[in-house]
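Here the structure is laid out as structure tokens; the discussion comes afterwards.
Protein chains in written order, with full-length UniProt numbering: chain A, 1 to 133; chain B, 1 to 206.
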């Protein structure tokens, strides 16, 4: 009877373990990896979102008005677009696929680990029962 | 006893399998974004009676019913290297209007940019811009309360190395709109192409 209770408890422990391991994997990967990468991205690109809007315009316009118009505009003089930017806009960051891949691997690894621990626990209980009976 | 242990083993294995399945389901659910309302009626292409020109008023909001876009519009200037600024990489990114281009409805090409993807945050506001087709409608709400409605005239994917600066920023003889994002094959943490939607003003209200 005692062994029956023991095996039931082992099963319950495995179930709890299995549910906690992926939670750790999720929590550990999502928060720290996303924040730093996003914090570094804006610095590589233009600047801060809302607060920069009013200040960026007056400071940049006078200094850049001469250069970009002269270099990038097709020589029509004053065009409908006041300052023609150079190059192509960089409107896409693709680190999401890498992040989700590592998340998936972590969750899969956690589940496999939980399965291994559960199997080992059940094996030990059965072995104890077999030797005790 | 041995039978009970067998059940315990089966229970443990099932629990572990269930947890792994639930983990993958959560991941997939977080990647999707609810799409907005889908309007089936498409307006006819091209302005019939020539362009209606609006006065200058900064864009406040952009709506593209065909692809579920309804976003506030921020102002964008120039980056240090002389390229156009892009909106910040955030969870709910917005579109941005290039402030040295005409405001929507004014004579000339008004330029609005948005991200296709925003790194770890997933889809950007212009994720499905490539689904737009000739004749689809785009509405821009202006700060003065008016609005400008545009009709898509063409959608082009171009290599960033051969960005058509003149076609995008060059002078035109009517109020037009360009929506720009990235597309094409990926390289490192970016894209090799730009997707550009060209549109012309169809109706305007003050």
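Quick reminder that beta carbons are idealized off the backbone N, C-alpha and C, glycines included.
Check, Outcome
"Exposed unless 16 or more other CB atoms sit within 10 angstroms - verdict on residue 90 (chain A)", "buried"
"Residue-level contact to chain B via CB, residue 105 (chain A), 8 Å cutoff", "Residue placement at residue 105 (chain A) is poorly supported in this model, since its pLDDT is 46, which falls under 50; the coordinates still yield a value, given next. It does not; no Cβ of chain B falls within 8 Å."
"Cα-Cα separation between residue 235 (chain B) and residue 123 (chain B), rounded to whole angstroms", "Here chain B covers residues 1 to 206 and nothing more, so residue 235 (chain B) does not appear."
"Residue 143 (chain B) versus residue 84 (chain B): straight-line alpha-carbon distance, rounded", "22 Å"
"Nearest-angstrom beta carbon gap, residue 182 (chain B) and residue 87 (chain A) [assumed within contact, 8 Å]", "In fact, because the Cβ distance is near 13 Å, the residues do not count as touching under 8 Å."
"Own chain, CB closer than 6 Å to residue 206 (chain B), minus 5 neighbours either side, in chain order", "146"
"Per-residue burial, residue 157 (chain B) [other beta carbons within 10 Å of its own, 16 or more giving buried]", "exposed"
"Residue 70 (chain B) (DSSP reduced to helix, strand or coil)", "strand"
"Alpha-carbon to alpha-carbon, residue 111 (chain B) and residue 68 (chain B)", "20 Å"
"CB contact flag (residue 179 (chain B), residue 129 (chain B), <8 Å)", "yes"
"Sequence-distant residues of its chain with Cβ nearer than 7 Å to residue 164 (chain B) (five each side left out)", "158"
"Own chain, CB closer than 8 Å to residue 169 (chain B), minus 5 neighbours either side, in chain order", "101, 109, 111"
"Interface positions of the region 107–133 of chain B facing chain A (Cβ-Cβ less than 8 Å), listed along the chain", "107, 108, 109, 111, 113, 114, 115, 116, 117, 118, 119, 120, 121, 122, 124, 126"
"Test item: CB-CB of residue 105 (chain B) and residue 76 (chain B) under 8 Å", "no"
"Chain A residues whose Cβ lies nearer than 7 Å to that of residue 102 (chain B)", "80"
"Neighbour list for residue 150 (chain B) in chain A, Cβ cutoff strictly below 8 Å", "The premise fails here: residue 150 (chain B) is roughly 16 Å from chain A at the closest Cβ pair, so nothing lies under 8 Å."
"Residues that residue 83 (chain B) contacts on chain A, provided the C-beta gap is smaller than 8 Å", "85, 86, 87, 88, 89, 90"
"Beta-carbon proximity list for residue 72 (chain B), same chain, < 6 Å, skipping 5 on both sides", "61, 94"
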